[in-house]
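For reference, the structure is listed below as structure tokens.
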């Protein structure tokens, strides 16, 4: 058995090789590129040390993208937890047709973020957009929804929330269905009201769902790219770029591959840091609960 | 009976109002895109109103401008990526589930860590690597650069599943003289069907919808996937919104149909990958 176990380890070599070749090596390569001045296709790269990183700190578009990334990531995550849990509680209660709600709310989460972005683009468009049309029914003037930076950021956040709240709902629903009814009955005998039941029984019981839904949404939100491309392409100006979309603009649009590489390394470090901090906070929280 | 019915609606009327409201928020966008796809470009009526007559030219033009090729490309890429992820993934999961030595646990954590790495951080490196070896605009280029990101999920799901298969089965096979490979082939593999369905759905959807890597790696229009084709319609200067809407509907349709028929598995996939950990 021991010998077989050792021989078994060969089984993960292909997976490891694929990850080294197409994830680890490119990541290292991106780090190397970030130390050079390079247009992305010529054979000539000039080594310039950490200049790209210094430039990053002085680039206002980088800071805007960074702020937007935080808004996309944390804004979506907070809203999705509240709405996702509320929907899960709703769908978990008894009424006719509750499965229909579940099916339909989860549907957009299966679709391409790009296509969903385009679909909602038809709502927020200035000319002929659905939202402006509804406003006109009530006599309001049309609004150029995507014409202003921070408003575009909030609308893109809203689109992302709309699309992926179903995912949180499904995860919370699975958690709620695992909570034993006997806890509730015991607490009700003790005279606890609905709100106390929710705080003291429901929330601790679905802790694993809170953790995985939050992590899923946060990493997805911090990586947001498709919906931005569809709704604004990063505009007006650079006002609604996330770090991801700003990176591709610098690489493929402005042919600053070295600078793009530096932004890539920054995204990597930032997401790793956020997941590490959050994971340990959640672990501590979990230990306190049990 | 009459009384019971009344009390159901007395108790639940607000739930049904909320239900209609939520379904509305989620279905109106789909309704709008379908309506738009059935109107001609000169039709300036409200996007919320039904077309006066069914106008199918948008769909005809979408299929005349290479949508079939795009669907074929998407199928080739999705099937290949998922197939590689299944084969390589279930193999990798076997030793990680059965031989939980210190070294193997470290390897398992590395696989999980890859899930956190944003594809964008790697894009610069992947693109320059593929450009050097002639992998831009090739099936193998896009396939291999995508495999790495779905692989950790596949390994994770398989690993959790194999842990739940009784170890005694392996040991019996080992006593009968079967080696690691034969045990895996005859004992483990035949039991992996349910989790493989999950992997196919979860990773298949991800690849079918993938946009960022395809956008830069597949630049020639003959290589476009469905997502890129839809994108091309929207970014084209002619502003052919009817065509764009029709392309979007065609791109969404296969997933909507699969979702409605296999909903149980779609939900199980997410729950398995999220909550068990």
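Chains as they are written, first to last, in this note's numbering: chain A, 1 to 290; chain B, 291 to 567. The beta carbon of each residue, even a glycine, is placed where N, CA and C say it ideally should be.
Excluding the five sequence neighbours on either side, which residues of its own chain have a C-beta within less than 6 Å of the C-beta of residue i, listed in chain order?
{"i": "residue 74 of chain A", "result": "none"}
{"i": "residue 283 of chain A", "result": "none"}
{"i": "residue 52 of chain A", "result": "34, 258, 259 and 262"}
{"i": "residue 557 of chain B", "result": "none"}
{"i": "residue 291 of chain B", "result": "Reliability fails at residue 291 of chain B, whose pLDDT of 47 lies under 50, so the model's placement of it is uncertain and no value is given."}
{"i": "residue 348 of chain B", "result": "327, 532, 533 and 536"}
{"i": "residue 449 of chain B", "result": "383, 386 and 387"}
I'd like to confirm the pairing. Which residues does DSSP put opposite residue i in its beta bridges?
{"i": "residue 202 of chain A", "result": "DSSP, once it has assigned bridges, lists no residue as partnering residue 202 of chain A."}
{"i": "residue 519 of chain B", "result": "Note: residue 519 of chain B sits in no beta bridge, so no partner."}
{"i": "residue 47 of chain A", "result": "A:36"}
Using only CA atoms, which one of the options lies nearest to residue i?
{"i": "residue 333 of chain B", "options": "B:564, B:549, B:531 and B:550", "result": "B:531"}
{"i": "residue 242 of chain A", "options": "A:157, A:20, A:129 and A:124", "result": "A:157"}
{"i": "residue 328 of chain B", "options": "B:313, B:350 and B:373", "result": "B:350"}
{"i": "residue 171 of chain A", "options": "B:301, B:446, B:423 and B:564", "result": "B:564"}
{"i": "residue 13 of chain A", "options": "B:311, B:401 and B:499", "result": "B:401"}
{"i": "residue 30 of chain A", "options": "B:437, B:420 and B:561", "result": "B:420"}
{"i": "residue 179 of chain A", "options": "A:191, A:69, A:195 and A:209", "result": "A:209"}
{"i": "residue 326 of chain B", "options": "B:366, B:371, B:373 and B:338", "result": "B:338"}
{"i": "residue 10 of chain A", "options": "B:298, B:422 and B:384", "result": "B:384"}
{"i": "residue 560 of chain B", "options": "B:485, B:508, B:314 and B:316", "result": "B:485"}
{"i": "residue 201 of chain A", "options": "A:138, A:181, A:253 and A:240", "result": "A:181"}
{"i": "residue 148 of chain A", "options": "A:231, A:80 and A:100", "result": "A:231"}
{"i": "residue 222 of chain A", "options": "A:236, A:188, A:174 and A:273", "result": "A:273"}
{"i": "residue 236 of chain A", "options": "A:58, A:151, A:253 and A:277", "result": "A:151"}
{"i": "residue 376 of chain B", "options": "B:494, B:414, B:413 and B:317", "result": "B:494"}
Does the beta-carbon of residue i, which I'm using as the reference point, lie nearer than 7 Å to any heavy atom of the ligand MN?
{"i": "residue 544 of chain B", "result": "Ligands displayed in this structure: none; no statement on the ligand MN is therefore possible."}
Using the three-state DSSP reduction, which class does residue i fall into: helix, strand or coil?
{"i": "residue 291 of chain B", "result": "At residue 291 of chain B the pLDDT is 47, less than 50, meaning the model places this residue with poor confidence and gives no usable figure here."}
{"i": "residue 284 of chain A", "result": "helix"}
{"i": "residue 223 of chain A", "result": "coil"}
{"i": "residue 108 of chain A", "result": "helix"}
{"i": "residue 344 of chain B", "result": "coil"}
{"i": "residue 316 of chain A", "result": "The displayed coordinates of chain A run from 1 to 290. Any statement about residue 316 of chain A would go beyond what the structure contains."}
{"i": "residue 10 of chain A", "result": "helix"}
{"i": "residue 275 of chain A", "result": "helix"}
{"i": "residue 563 of chain B", "result": "helix"}
{"i": "residue 81 of chain A", "result": "helix"}
{"i": "residue 428 of chain B", "result": "coil"}
{"i": "residue 337 of chain B", "result": "coil"}
{"i": "residue 193 of chain A", "result": "coil"}
{"i": "residue 435 of chain B", "result": "helix"}
{"i": "residue 172 of chain A", "result": "helix"}
{"i": "residue 181 of chain A", "result": "helix"}
{"i": "residue 148 of chain A", "result": "coil"}
{"i": "residue 321 of chain B", "result": "helix"}
{"i": "residue 241 of chain A", "result": "coil"}
{"i": "residue 504 of chain B", "result": "helix"}
{"i": "residue 236 of chain A", "result": "coil"}
{"i": "residue 529 of chain B", "result": "coil"}
{"i": "residue 55 of chain A", "result": "helix"}
{"i": "residue 553 of chain B", "result": "helix"}
{"i": "residue 467 of chain B", "result": "coil"}
{"i": "residue 269 of chain A", "result": "helix"}
{"i": "residue 492 of chain B", "result": "helix"}
Assuming residue i contacts residue j under a Cβ cut-off of 8 Å, what Cβ separation, rounded to an integer in Å, is found between them?
{"i": "residue 251 of chain A", "j": "residue 238 of chain A", "result": "That pair is no contact at about 14 Å."}
{"i": "residue 408 of chain B", "j": "residue 267 of chain A", "result": "5 Å"}
{"i": "residue 87 of chain A", "j": "residue 169 of chain A", "result": "4 Å"}
{"i": "residue 40 of chain A", "j": "residue 107 of chain A", "result": "Contact flag wrong, Cβ pair sits at about 38 Å."}
{"i": "residue 123 of chain A", "j": "residue 341 of chain B", "result": "So it is not a contact: roughly 18 Å between Cβ atoms."}
{"i": "residue 118 of chain A", "j": "residue 470 of chain B", "result": "Wrong, their Cβ atoms sit about 49 Å apart, outside the cutoff."}
{"i": "residue 76 of chain A", "j": "residue 217 of chain A", "result": "6 Å"}
{"i": "residue 506 of chain B", "j": "residue 417 of chain B", "result": "6 Å"}
Ordered along the chain, which non-local residues of its own chain (more than five positions away) have a Cβ less than 7 Å from that of residue i?
{"i": "residue 71 of chain A", "result": "153 and 157"}
{"i": "residue 481 of chain B", "result": "455"}
{"i": "residue 361 of chain B", "result": "516"}
{"i": "residue 378 of chain B", "result": "441"}
{"i": "residue 464 of chain B", "result": "473"}
{"i": "residue 207 of chain A", "result": "286 and 289"}
{"i": "residue 567 of chain B", "result": "Caution applies to residue 567 of chain B, whose pLDDT of 44 falls short of 50 and renders its modelled position unreliable; the value that the coordinates give is listed next. Once the five neighbours on either side are set aside, residue 567 of chain B has no close Cβ partner at all."}
Could you pull out every residue in the same chain whose Cβ sits closer than 8 Å to the Cβ of residue i, ignoring the five residues on either side in sequence?
{"i": "residue 129 of chain A", "result": "122, 123, 142 and 145"}
{"i": "residue 555 of chain B", "result": "487, 488 and 491"}
{"i": "residue 131 of chain A", "result": "123, 124, 143 and 145"}
{"i": "residue 183 of chain A", "result": "201 and 205"}
{"i": "residue 509 of chain B", "result": "426 and 427"}
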